[in-house]
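Written below as structure tokens is the structure these notes are about.
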Amino acid sequence: MFYPRFLDSVTSRFQVGPKPTLTFSLAFLLLSLLFYDCGKVERSPEKLVFSLPSDPISLDPIRSTDLSSRIVLKYIYPRLFEMNEEGTILPSLVRSYKLAARPSSKIRRLILELHSDTKSNVNAQTVLGSLERLRKTPGPRRSTYSFLKGGKVLTGSSLEIYFEGGLRETLEKLSLPQAWIYCGPPESVCGDFKLVEWKRNNHLRLVANHPNDLGSEILFRVLPQASTGLYLYFKDELDLMKLPVFLLKNSLVKEDHISVRKGGGVQYIAINAKDFCFDKNFRKALNYSVDKRTIIRVLLEGKGEVSVGPFPKSISDTWTSSEEVYPYDLAKAKELLSNSVCYPKILERELEFRMRGDEENQANGAAIVQNLKELGLKIRILPMEKAALYKENGEGKGDLTLLFWYADLPGPFAFLDPLFAGDRFGNGGNRAFYSNPKMEKIFQEIRSTDKTDINPQIKEAFSLLSEDAPWIFLWSPYELYLVGDRLPKDPNRRSDLP
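So in UniProt numbering, spot 297 of the sequence shown is number 297, and the numbers just go up one at a time.
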């Protein structure tokens with residue numbers, strides 16, 4: 001009987017049953033590689049093939065709530081502003097901007113001058129229409145952009161927008177993917193590429209609207225099984241794929257073709273705050289019960305670091321020297337659990353642990369659940385398709401949900417505001433349905449300021465979240481990519497990576 005060899009290194013305490021048989025896709029990979037080079041056709045360097053873990057939910061920026069959508073969208077639609085690695089807001093489609101006199105006590109005016117680009121059909125009217133659509137379209141984005149109050153076209157390349165609150169938040173929110181400028185369906189000539197074909201759950205084909213660094217065409221192949229992507233990569237039919245840790249030691253993976261990126265996101269478990277039994281003692285007990293460092297060493301092959309609360313360590317290092325907030329301590333966990341409001345009845349209740357059903361999440365989830373069972377809890381694992389998982393989580397279903405957050409922008413506030421604000425419940429980002437009046441006050445202060453230095457508020461928010469423990473804080477995995485010869489190996493070229 002065959003099984004993935006990465007499971008050999010898993011300690012017995014993480015093994016919850018017999019070792020699984022090899023998946024069909026991995027078996028297919030091993031057989032197919034025997035015939036590598038047979039009938040291989042050379043591809044044009046002008047045509048690139050990237051992998052996606054799942055089909056995009058939508059190619060409308062407003063409805064782009066998943067990573068696959070955002071990966072594709074960044075090639076199709078332009079953006080007014082973007083942020084660099086230090087969190088500095090930089091103009092992109094905007095050439096310059098300035099605050100104008102207030103027309104009233106609350107409403108403020110921001111004048112934008114756009115670059116004149118004859119290769120694009122984006123003008124001031126297009127930008128204003130996109131922002132109006134953003135603030136008026138029903139859905140979770142509408143409340144996020146309620147600070148926008150309209151605007152007016154001044155010339156073909158200039159406009160003014162009306163807003164409430166601080167300038168810092170306004171520019172930051174205009175940098176997010178949902179605020180990228182919508183100028184028609186993805187088949188329109190707008191950004192660097194346009195969509196010419198979308199075969200659901202199979203592939204998307206984009207062609208360039210004008211010459212650029214990446215070439216004339218990008219084909220995104222939807223590959224839920226990473227082993228299938230590895231097979232295609234070694235047949236020279238894939239130029240870029242995210243590499244799961246369990247394939248890292250495959251003898252066919254060459255180290256000089258791996259690009260490593262740190263600190264882009266965090267894996268966490270949302271603890272449903274709607275449940276009366278999940279009080280602070282219960283939440284802290286869960287945090288102390290998970291042996292995060294062992295899971296990182298064994299299942300992530302050491303390719304990750306324990307998160308500092310909700311932040312990757314690479315982000316927290318800029319303003320605090322704090323390490324792991326809840327180091328593994330099973331005795332302390334059991335003591336806290338015994339002081340929780342529903343103890344001991346909570347020991348008889350079967351808790352539902354939800355997660356995506358792919359190979360990597362199932363391995364990590366099984367290890368975490370084993371830790372929780374050692375705490376004395378009864379856990380039922382429920383692997384789910386991504387769309388259903390996010391939909392039902394947004395409806396407040398489930399007890400514990402294993403999730404991943406990839407920050408749209410650099411800096412700690414990109415983790416705080418969408419994930420813990422009281423007006424972002426569910427699909428708005430706050431998937432634990434967490435709320436704290438002190439946190440709401442901090443968010444209000446940050447949203448109303450024109451200052452760029454918000455470190456004092458970030459430190460206060462970090463202290464509150466560490467005490468409240470609305471998540472099981474886990475880790476920030478390193479992002480590993482197999483990069484083909486058609487793409488430069490320069491790790492600083494983040495634009496080439498999802």
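Backbone N, C-alpha and C fix where the C-beta goes; we use that ideal spot for every residue, glycine too.
Checking 8 angstroms against the spacing of the C-beta atoms, do V196 and V189 come in under that value?
Cβ atoms of V196 and V189: not closer than 8 angstroms.
What residue from I62, F413, E479 has the CA that sits closest to residue 521's CA?
Outside the displayed range of the chain (1 to 498) lies residue 521, so it cannot be described from this structure.
Report, in whole angstroms, the separation of the C-beta atoms of K303 and V245, which I expect to be a contact under 8 angstroms.
So it is a contact: roughly 5 angstroms between Cβ atoms.
Near E392, which residues of its chain fall below 7 angstroms by C-beta distance, leaving aside the five closest residues on each side in sequence?
Excluding residues within five positions, the ones whose Cβ falls inside 7 angstroms are G398.
With contact counted as at least three CB pairs below 8 angstroms, one residue from each stretch, are the region 162-172 and the region 450-460 in contact?
The region 162-172, when compared against the region 450-460, does touch it at the 8 angstroms Cβ threshold.
Please go through the region 412-497 and give each complete alpha helix (DSSP H) segment of 4 or more residues, from N-terminal end onward.
The qualifying runs are 413-420, 437-448, 455-468.
State the beta-bridge partners of F246 as determined by DSSP.
DSSP, once it has assigned bridges, lists no residue as partnering F246.
Within its chain, find whatever has a CB closer than 8 angstroms to the CB of P437; leave out the 5 residues flanking it on each side and keep chain order.
So the list is empty, once near-sequence residues are dropped.
From this set, A331, P177, D192, which residue's C-alpha is nearest F81's C-alpha?
Per the Cα distances, P177.
Give me, in chain order, the residues of the same chain whose beta-carbon lies closer than 7 angstroms to that of L34; leave out the 5 immediate sequence neighbours on both sides.
Bear in mind that the predicted position of L34 carries a pLDDT of just 47, short of 50, making it too unreliable to give a figure here.
Around the Cβ of S116, are there at least 16 other Cβ atoms within 10 angstroms (buried) or fewer (exposed)?
That one is exposed.
Kindly give me the distance between the Cβ atoms of L400 and F353, rounded to whole angstroms, as I take these residues to be in contact under 8 angstroms.
The pair is a contact, with the Cβ atoms about 5 angstroms apart (cut-off 8 angstroms).
Alpha carbon to alpha carbon, how far is F220 from V94?
Cα to Cα, the separation comes out at about 29 angstroms.
Quick one, which of E46, L112, G156 has its alpha-carbon nearest P91's?
Among E46, L112, G156, the Cα nearest to that of P91 is on L112.
Using 8 angstroms as the threshold, is the region 362-371 in touch with the region 412-423, meaning 3 or more CB pairs across them?
Verdict: no, contact absent.
Could you compute how far the alpha carbon of C183 sits from the alpha carbon of Y77?
The alpha-carbon atoms of C183 and Y77 are separated by roughly 8 angstroms.
Since W471 contacts I269 with CB under 8 angstroms, what's their CB separation in whole angstroms?
Confirmed, about 6 angstroms.
Quick one: Cα of F24 to Cα of Q225, how far?
Low confidence applies here, because F24 scores a pLDDT of 49, under 50, leaving its location unreliable; read the following figure in that light. Spanning the two alpha carbons is a distance of roughly 10 angstroms.
Using the C-alpha atoms, what's the distance from E385 back to H203?
H203 and E385: Cα-Cα distance of roughly 18 angstroms.
E132 to G150, Cα distance in whole Å?
Rounded to the nearest angstrom, the two C-alpha atoms are 7 angstroms apart.
Would DSSP call residue 503 helix, strand or coil?
The shown model of the chain, from 1 to 498, leaves out residue 503, and the question about it has no answer.
Which residues does DSSP pair with P383 in a beta bridge?
Bridge partners of P383: M355.
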